[in-house]
Amino acid sequence: MLQTPSWWQTGVIYQVYPRSFFDSNGDGIGDLSGITSKLDYLRWLGVDALWLSPIYPSPMADFGYDIANYIDVDPIFGALQDLDILIQQAHARNLKLILDYVPNHTSDVHPWFQESRSNRTNEKRDWYIWRDPTPDGGPPNNWTSFFGGSAWQFDEQSGQYYLHMFDVKQPDLNWRNPLVRQAMYDALRFWLERGVDGFRVDVLWMLLKDEQLRDNPMNPDWKPGDPAYARQLGHYTEDQPGIHEIVREIRSLLDSYGERVFIGEIYLPLSRLMHYYGEMLDEAHLPFNFQLITTPGWEARTIRQVADEYEKGLPDGAWPNWVLGNHDRPRIATRVGREQARVAQMLLLTLRGTPTCYYGDELGMQNGYVPPDLLYDPQGKDNPEHSRDYERTPMQWDSTANAGFSAPGVTPWLPAADDYPTYNVAAEQQGPRSFLTLTRTLLNLRRSLPALTLGSYQSVDQENDTCFVYQREYEDQRYLIALNFSQQEQIIKLPEQGQGRILLSTHMDRADTLDLSEFRLRGNEGLLIQQEGLI
Ligand code: NOJ
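Sequential numbering from 39 applies to the sequence shown in our numbering.
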């Protein structure tokens with residue numbers, strides 16, 4: 039059992055996509071002052087930390103994941119001082135602030151890359167990954183970019199190819215060069231000294247590539263129409279030998295500043311993901327666990343298996359975490375429907391481990407409609423279906439024009455989703471059974487019941503495989519969570535479990551006592567039950 043849990047263990051992380059959160063200056067794009075002005079909302083909601091997607095100077099080819107300067111703020115979002123104010127105001131409300139750190143690649147307009155590409159003998163040439171063409175002039179190997187096409191771009195002026203695992207405007211840094219590491223660690227220090235509480239580290243598992251540049255095998259299961267990133271198996275571009283040394287270096291740098299959190303973006307199978315905690319738990323605090331996003335389908339049986347296997351696979355002492363949505367994947371309420379998303383929200387906020395909640399998911403926001411001529415995301419360039427713009431539409435604050443995100447008359451960078459007049463913060467704050475009220479109630483319960491943060495997790499065997507039942511237990515307190523993944527009423531039978539008192543139904547309309555030997559869940563209903571009988 040934990041002695042003194044850290045804030046990132048008991049807290050809930052809320053991801054803000056700054057472009058889409060709140061536009062305070064009427065340019066159609068969200069900004070830092072906009073976020074600051076909504077801190078009271080986040081406090082009211084009951085989350086503990088904000089993670090901001092990148093706010094650094096950037097030409098925005100990948101909306102800030104193409105960084106032109108690691109130690110400043112893009113004027114679109116404000117100035118450095120606005121970030122200082124945001125940090126200070128967040129801290130004044132007991133909220134932590136986590137920045138996104140993008141070490142794998144810079145923007146092609148970053149001065150380092152400009153120097154590097156200027157000629158082959160420039161001292162920064164080796165800061166990026168340059169290679170000669172093959173004898174027939176082709177790229178050095180078969181690696182493909184996550185956004186489609188070859189991962190190599192020929193540079194006419196210097197006669198070599200550079201590597202870009204993402205957009206052509208995102209050249210990959212060479213993390214085998216110690217000077218790159220030093221420069222990138224200096225950037226971390228810059229923000230830690232300004233008081234940020236930690237980092238979410240972008241594509242952490244891809245920082246190193248095979249030194250021999252061996253060809254990746256193609257993914258035999260890929261078919262036209264599937265996302266470009268699944269085309270190859272990343273044998274030689276992902277999770278390479280040597281990566282853990284870098285992860286440990288980052289961790290020890292963060293640790294030297296006290297209690298700061300290190301979250302790693304890692305899409306890997308469970309057994310390899312777990313290595314990113316470190317053999318001595320000296321790597322990432324929270325290697326992101328994306329299984330609620332990546333597991334195909336949404337079935338009680340599979341989700342139980344996912345939760346059990348994840349729990350079983352955690353190294354001793356490692357702290358779990360769960361993510362239901364982010365700026366790269368379709369929103370949960372679109373994937374499973376708004377009614378079932380309430381069940382998903384109960385799952386996220388009652389499983390063991392730190393939850394990350396994507397902005398707007400607390401309202402049940404769905405993907406928006408974005409007309410083809412307004413799609414900007416490089417991931418959608420070959421196939422608009424894969425664009426991530428749909429899950430990045432403006433936060434729905436109220437029922438006024440632009441969902442209250444931008445002032446009326448302004449054209450926001452993406453249109454608000456059509457359903458904003460009904461699904462928005464102001465309306466849902468008034469609704470006793472709204473999605474937002476459900477999320478807030480869950481967050482309050484999570485805060486007040488130590489079993490939901492510190493308690494053990496145990497899935498419960500029962501025969502109805504459209505439902506997932508698990509128990510959280512801490513000292514003498516026991517709670518059952520029973521989730522119906524179907525739209526139909528279901529009966530759950532739990533022999534020898536005694537009586538239970540419903541603390542919360544996702545329908546928010548019952549608080550009765552149950553005989554746990556047999557009880558009903560309505561379609562799309564989840565229950566949080568305080569157990570009164572003996573097990
Ligand atoms: C992962 C980020 O979440 C995504 O938005 C971005 O496009 C890629 N990394 C490249 O930085």
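From the three backbone atoms N, C-alpha and C, an ideal C-beta is built for every residue, glycine too.
Keep in mind it's a predicted model, so treat the numbers as computed, not measured.
Buried versus exposed call for residue i [16 or more other C-beta atoms within 10 Å across all chains shown]
i: residue 326; result: buried
i: residue 59; result: buried
i: residue 238; result: buried
i: residue 554; result: buried
i: residue 72; result: buried
i: residue 563; result: buried
i: residue 13; result: The requested residue 13 is not part of the displayed model; the chain covers only 39 to 573.
i: residue 132; result: exposed
i: residue 548; result: exposed
i: residue 173; result: exposed
i: residue 273; result: exposed
i: residue 156; result: exposed
i: residue 146; result: buried
i: residue 303; result: buried
i: residue 506; result: buried
i: residue 224; result: exposed
i: residue 228; result: exposed
i: residue 565; result: buried
i: residue 526; result: exposed
i: residue 533; result: exposed
i: residue 329; result: buried
i: residue 205; result: buried
i: residue 567; result: buried
i: residue 129; result: exposed
Nearest candidate by alpha-carbon position, reference residue i, set the options
i: residue 159; options: 188, 177, 198 and 127; result: 198
i: residue 111; options: 541, 460 and 92; result: 92
i: residue 78; options: 463, 505 and 544; result: 463
i: residue 125; options: 266, 232 and 263; result: 232
i: residue 263; options: 422, 164 and 491; result: 422
i: residue 542; options: 518, 106 and 530; result: 518
i: residue 522; options: 420, 336, 128 and 438; result: 336
i: residue 181; options: 163, 275, 224 and 103; result: 275
i: residue 200; options: 375, 314, 440 and 152; result: 152
i: residue 69; options: 512, 527, 102 and 223; result: 102
i: residue 397; options: 52, 44 and 46; result: 52
i: residue 529; options: 557, 265, 537 and 536; result: 557
i: residue 46; options: 226, 458, 393 and 330; result: 393
i: residue 230; options: 108, 388 and 509; result: 108
i: residue 86; options: 395, 117 and 305; result: 395
i: residue 193; options: 95, 537, 170 and 203; result: 170
i: residue 190; options: 167, 196 and 212; result: 167
i: residue 419; options: 266, 376, 212 and 222; result: 266
i: residue 246; options: 297, 84, 412 and 141; result: 141
Short Cβ contact (8 Å threshold) for residue i with residue j
i: residue 278; j: residue 248; result: yes
i: residue 352; j: residue 235; result: no
i: residue 97; j: residue 207; result: yes
i: residue 54; j: residue 82; result: no
i: residue 300; j: residue 310; result: no
i: residue 373; j: residue 429; result: no
i: residue 114; j: residue 144; result: no
i: residue 100; j: residue 450; result: no
i: residue 386; j: residue 362; result: yes
i: residue 474; j: residue 400; result: yes
i: residue 404; j: residue 455; result: yes
i: residue 539; j: residue 551; result: yes
i: residue 406; j: residue 431; result: yes
i: residue 240; j: residue 139; result: yes
i: residue 121; j: residue 165; result: no
i: residue 334; j: residue 408; result: no
i: residue 243; j: residue 292; result: no
i: residue 251; j: residue 179; result: yes
i: residue 417; j: residue 426; result: yes
i: residue 476; j: residue 544; result: yes
i: residue 512; j: residue 536; result: no
i: residue 360; j: residue 391; result: yes
Residue i beta carbon near the ligand GTP (any heavy atom closer than 7 Å)
i: residue 366; result: What this structure holds is the ligand NOJ, not the ligand GTP.
Check whether the segment 464–484 and the segment 499–510 are in contact - that is, three or more C-beta pairs closer than 8 Å. no
Contact the segment 375–384 vs the segment 343–350: 3+ CB pairs below 8 Å: No, the segment 375–384 is not in contact with the segment 343–350.
Using 8 Å as the cut-off, can you tell me whether the segment 186–205 makes contact with the segment 255–264, which would need three or more C-beta pairs spanning the two stretches below that distance? no
Three CB pairs or more closer than 8 Å across the segment 467–474 and the segment 441–450: no
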